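Residue numbers (my numbering): 44 to 373. We put the beta carbon where it would ideally sit given N, CA and C, even for glycine. The model shown is predicted, which means the values in this text are computed figures rather than measured ones. Structure first, then comments.
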């Protein structure tokens, strides 16, 4: 029996580092790096997602592997549109009907940046595009009931931006978005290794170091890991042993920027809501909050209990998907 109806409802976490898609009734159906490899001569997309990520820093002259989103916003419109088209097609398959899509965006984006996201999704085949602020989506995904009149603080650390918001009655009361997040941590690691050891490492090596050794709070035991890079004095490849105590030196500066921003949001929070937050604690979401000790550092500096949401990486996508059911409320 052929059933006539509209297309699917899709929630998309359009992240600087990863795109996660959620389909109503199915859960999370796609999780791919937001990287696109384009052939420079023809303008054709060579590959998207995991395949393209493997090419980062390893492509010949005619192929460019890029990340079309920087700091949480679209930096290359055409490539973003192609990437969205690819992912929507992958998720919907051969569906005849255009989907309704909800996309989350950082809390402090401009109207122009919002329009770019809506246009890119519409061009990629969406019937209707709704936008939701990242901290609100993260709060819904973390299982917080945001419709009640009490304050909840969410710190969402993604790849490009960290969004901090105090949420009450379904909207954000005070929010701040800063361009210090996962990518910035990688940059600081690259700078540190270059300055201390005179060795140049790539983005992906820096990310491996961040995942395996990265910490912003002293560890009980100093762990190490071997990395390879290019010696800046001889110009030859060299292997180096890096310790977690060095990662602490490299990452403490960007981590403190996040802590300071949380502080300044708390300062602007109305006293009633601030009292709620000190009772309920601060929720951390996003892949960036998995850096070892970030929750302890924030707890020590603010004196407020800090909780990491379960399934932090998918929180925003889950919240975006759940928000589709309550479009009228939002």
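Item                                                                                                                                                                                  : Value
Checking the sheet assignment: what are the DSSP bridge partners for residue 31?                                                                                                      : For the chain, the structure presents residues 44 to 373; residue 31 sits outside this window and is missing.
Give me the residue from 165, 187, 270 with the minimum Cα distance to residue 120.                                                                                                   : 165
Per DSSP, what are the beta-bridge partners of residue 176 in this structure?                                                                                                         : 148
What would DSSP say about residue 328, mapped onto helix, strand or coil?                                                                                                             : strand
In whole angstroms, what is the alpha-carbon distance linking residue 235 and residue 337?                                                                                            : 19 Å
Given that a residue counts as buried once 16 or more other Cβ atoms are within 10 Å of its Cβ, and exposed if not, what is residue 76?                                               : buried
Which residue wins for smallest C-alpha separation from residue 203, given the options 335, 354, 355, 58?                                                                             : 58
Tell whether a beta-carbon distance below 8 Å holds between residue 142 and residue 199.                                                                                              : no
Rounded to a whole number of angstroms, what is the C-alpha to C-alpha distance between residue 48 and residue 157?                                                                   : Its pLDDT being 40, under 50, residue 48 is placed unreliably in this model, and the value from its coordinates should be taken loosely. One C-alpha to the other measures close to 29 Å.
Going by beta carbon distance, what residues of the same chain come within less than 7 Å of residue 159, once the five residues before and after it are set aside?                    : 117, 120
For residue 327, tell me which candidate among 272, 353, 95, 276 has the shortest Cα-Cα distance.                                                                                     : 353
Within the same chain, show all residues whose beta-carbon is closer than 6 Å to that of residue 350, passing over the 5 residues directly before and after it, in chain order.       : 324, 326
Check whether the Cβ atoms of residue 54 and residue 360 lie closer than 8 Å to each other.                                                                                           : yes
Applying the 10 Å Cβ sphere with the 16-neighbour rule, what's the burial state of residue 253?                                                                                       : buried
Rounding to the nearest angstrom, what Cα-Cα distance links residue 42 and residue 364 in this structure?                                                                             : Here the chain comprises residues numbered 44 to 373, so residue 42 is not present and cannot be evaluated.
Ignore the nearest five residues each way along the sequence and tell me which others in residue 344's own chain have a CB closer than 6 Å to its CB.                                 : 302
Does DSSP put residue 254 in a helix, in a strand, or in coil?                                                                                                                        : helix
Label residue 190 either buried or exposed according to how many other C-beta atoms from any shown protein chain fall within 10 Å of its C-beta, with 16 as the threshold for buried. : exposed
Whose C-beta lies closer than 6 Å to the C-beta of residue 299 among residues of the same chain, with five residues either side of it excluded?                                       : none
Once the 5 residues before and after residue 82 are set aside, which same chain residues still bring their CB inside 7 Å of it?                                                       : 89, 105, 106
Under three-state DSSP, which class holds residue 53?                                                                                                                                 : strand
Counting Cβ pairs closer than 8 Å, one from the segment 283–293 and one from the segment 215–235, do we hit at least three?                                                           : yes
Does DSSP put residue 386 in a helix, a strand or coil?                                                                                                                               : Summary: the structure shown does not reach residue 386, with the chain confined to residues 44 through 373, and so no result is reported for it.
Taking the beta carbon of residue 369 as the centre, do at least 16 other beta carbons fall within 10 Å, making it buried, or is it exposed?                                          : exposed
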